[in-house]
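One line per chain: the protein sequences are A and B, in this order. FYI, in my numbering the residues of the first sequence are 3 to 215. FYI, in my numbering the residues of the second sequence are 111 to 328. We put the beta carbon where it would ideally sit given N, CA and C, even for glycine. All of these numbers come straight from a predicted model, not from anything done at the bench. Take a look at the structure below.
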Amino acid sequence: VSMTGNESSNYIPKAPIFLPEGPWKQIPGGVTAAEGFKAAGMYGGLRAKGEKPDLALVTCDVDAISAGAFTMNVVAAAPVLYCKKALDVAKTARAVLINAGQANAATGDAGYQDVIECASALAELLQMRPEEVLIESTGVIGHRIKKEALLNSLPKLVASLSSSIEGADSAAVAITTTDLVSKSLAIESQVGGRTVRVGGMAKGSGMIHPNMA
Amino acid sequence: TLLGVITTDAMVASDVWRKMVQIAVNRSFNQITVDGDTSTNDTVIALASGLSGLTRIVSINSYEAMQLQECLDVVMQGLAKSIAWDGEGATCLIEVSVTGADSETEAAKIARSVASSSLAAVYGRDPNWGRIACAAGYAGIPFHQNKLQVLLGDILLMEAGEPQPFDRAAASNYLRKAGETHGTVEIHISVGDGLGSGQAWGCDLSYDYVKINAEYTT
Chain A
3 VSMTGNESSN
13 YIPKAPIFLP
23 EGPWKQIPGG
33 VTAAEGFKAA
43 GMYGGLRAKG
53 EKPDLALVTC
63 DVDAISAGAF
73 TMNVVAAAPV
83 LYCKKALDVA
93 KTARAVLINA
103 GQANAATGDA
113 GYQDVIECAS
123 ALAELLQMRP
133 EEVLIESTGV
143 IGHRIKKEAL
153 LNSLPKLVAS
163 LSSSIEGADS
173 AAVAITTTDL
183 VSKSLAIESQ
193 VGGRTVRVGG
203 MAKGSGMIHP
213 NMA
Chain B
111 TLLGVITTDA
121 MVASDVWRKM
131 VQIAVNRSFN
141 QITVDGDTST
151 NDTVIALASG
161 LSGLTRIVSI
171 NSYEAMQLQE
181 CLDVVMQGLA
191 KSIAWDGEGA
201 TCLIEVSVTG
211 ADSETEAAKI
221 ARSVASSSLA
231 AVYGRDPNWG
241 RIACAAGYAG
251 IPFHQNKLQV
261 LLGDILLMEA
271 GEPQPFDRAA
281 ASNYLRKAGE
291 THGTVEIHIS
301 VGDGLGSGQA
311 WGCDLSYDYV
321 KINAEYTT
């Protein structure tokens, strides 16, 4: 049974957002608020339990200048190692694929190869170079990604990409694990006399003491 | 595990963007804590499409860069706070604000030390100024303890390094109300006369946290 975008985006409540006063205006949209970005979230059968969406994708219509901050835990998951390499070789990226359910940490070379295979398959579908696809994973440490389920879901995930608020909201739900609420926000402000939008989504509820560089 | 994806349509040079993202991460996600466990997977990816038509920002010291940095900070802080607010078993968000340090980095470190300490007392609705002072003191940042001031909300608990008489019931009610409404407990700390200030966010430690993680298995 496939869930509509609307059902995905409202699967769990949204977090209250605490923004200080400032020269900005909060707008709906999360990761799709800024020009050129699309997002999608769906259930791909990756979770151990339940049918909450567990696969998210954020894409950019153009080569986007990329940056990343990563855990300094030396037991770093395969997607962390992969993204660090990708950012080393390329200043731009066009897609971020995120799975929830398996952390793909402590999974050795096989786990790393899984990341490369998923990035390559998505790059082919989106007609991009593999190093323009970045990967994030979250879930149980020691478990490899349910690769077949993920690869089978990619065509549908790509087909459901949209620049709508629902696209952003469903992606924000799909990246959660033990979160009780989804986290997503966007603002609009004037920078250099132009209207600029900054948005984002995040997940996290337990194992939280980030030390990223 | 913390994951994040940040997007903007600002046009910014790669080296500037990467510096800005790290600065914003240091002022937001790196300043939150729920349980003191740094994950194997924590990642934030930030993409700038440049499609807003803004002239490319090529210097981090430009006015436009400062404007964009402010926007980046507030988006990441908003997301970071919502993670701390949603900590496993949490009944309230704890926001620790430190002023008077010699630098932003030092203030941030003190703030995060306080937010990281197992402030079970917040869950117990106990205005435990002693634990707050202790956590500030072991942050690894030197300061004159006779300059330490601690407020819970707007209730003065400590001044010049010593406890002050305060309305215990009011302080406890402040904590209880935050717990009942899943609101915010504000802890304000001043450690001197410096210009450095910083913030950190955490949540209270409840029985539910233990229960959730006792049942969780890798």
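| Asked | Found |
| --- | --- |
| Using 8 Å for Cβ pairs, my map puts A/SER207 next to B/GLY197. What's the rounded Cβ distance? | 6 Å |
| With a threshold of 8 Å between beta carbons, is B/ASP212 in contact with chain A? | no |
| Note down, one range per segment and in chain order, each beta strand (DSSP E) of at least 3 residues found wholly within the segment 198-282 of chain B. | 203-211, 259-262, 265-269 |
| Using a cut-off of 7 Å between C-beta atoms, extract the partners of A/PRO22 located in chain B. | VAL184 |
| At a CB-CB cut-off below 8 Å, which residues of chain D make contact with A/CYS85? | Among the protein chains in the structure shown, which are A and B, there is no chain D. |
| Hey, out of A/PHE72, A/VAL91, A/GLU133, whose CA is closest to A/CYS120's CA? | A/GLU133 |
| Quick check: what's the CA-CA separation for B/ASN136 versus A/LEU89? | 19 Å |
| Enumerate, from N- to C-terminal direction, the unbroken beta strand (DSSP E) stretches of 3 or more residues contained entirely within the segment 64-138 of chain A. | 94-104 |
| Going along chain A, which residues have a C-beta under 8 Å from B/CYS181? | TRP26, ILE189, SER191, VAL193, VAL198, VAL200 |
| Hey, out of B/THR117, B/ALA123, B/GLY312, whose CA is closest to B/ALA225's CA? | B/GLY312 |
| Against A/GLU119, what residues of chain B qualify as contacts under a CB-to-CB distance less than 9 Å, listed in chain order? | Simply none; closest approach about 19 Å. |
| Rounded to whole angstroms, what is the Cα-Cα separation between A/VAL139 and B/GLY304? | A small fix is needed here, since residue 139 of chain A is Ser in this sequence, not Val. So the two alpha carbons sit approximately 41 Å from each other. |
| Hey, how far is the Cα of A/SER186 from the Cα of A/THR61? | 16 Å |
| Alpha carbon to alpha carbon, how far is A/VAL33 from B/SER223? Give it in angstroms, no decimals. | 31 Å |
| On a Cα-Cα basis, can you pick out the residue from B/ALA175, B/ARG278, B/ILE322, B/TYR317 that is closest to B/ASN238? | B/ARG278 |
| For A/ASN213, which of A/LYS54, A/GLY43, A/ASN75, A/ILE67 has the nearest alpha-carbon? | A/ASN75 |
| Out of A/ARG196, A/ILE210, A/MET203, which one is the CA nearest neighbour of B/LEU161? | A/ARG196 |
| Please classify A/ASP111 as buried or exposed, where buried requires at least 16 other C-beta atoms within 10 Å of its C-beta. | exposed |
| Rounded to whole angstroms, how far is the Cβ of A/VAL175 from the Cβ of A/PRO55, which I believe are closer than 8 Å? | 5 Å |
| Report the partner residues of A/SER186 according to the DSSP bridge assignment. | A/MET203 |
| For B/ILE297, which residues does DSSP report across the bridge? | B/VAL206, B/LEU262 |
| With 8 Å as the threshold, decide whether the Cβ of A/ILE67 is near any Cβ in chain B. | yes |
| If you draw a straight line from the alpha carbon of B/LEU285 to that of B/CYS202, how long is it in whole angstroms? | 9 Å |
| Pull up the distance between the alpha-carbon of B/SER149 and that of A/ILE210, whole angstroms please. | 7 Å |
| Name the chain A residues whose beta carbon is nearer than 7 Å to that of B/LYS191? | PHE20 |
| Along chain B, in chain order, which residues have C-beta atoms closer than 8 Å to that of A/LEU182? | ASP196 |
| List the residues that DSSP assigns as beta-bridge partners of B/VAL154. | A/ALA71, B/GLY114 |
| B/ALA211 and B/ILE167 - do their beta-carbons sit closer together than 8 Å? | no |
| Taking 8 Å as the cut-off, decide whether the C-beta atoms of B/ILE265 and B/ALA280 are in contact. | yes |
| In chain order, what residues of the same chain lie with their CB nearer than 7 Å to the CB of B/LYS191, ignoring the 5 residues before and after it? | LEU203, TRP311 |
| Using DSSP bridges, identify the partner residues of A/LYS16. | A/SER184 |
| Would you kindly check if the distance between the Cβ of A/GLY169 and the Cβ of A/ALA36 is under 8 Å? | no |
| Under DSSP, the beta strand (DSSP E) around B/ALA310 begins and ends at which residues? | 306-313 |
| Would A/LYS40 pass as an interface residue toward chain B - the criterion being a Cβ-Cβ separation below 8 Å? | no |
| For A/GLY110 and chain B, any beta-carbon pair shorter than 8 Å? | no |
| Taking 8 Å as the CB-CB cut-off, is B/GLY160 touching chain A? | yes |
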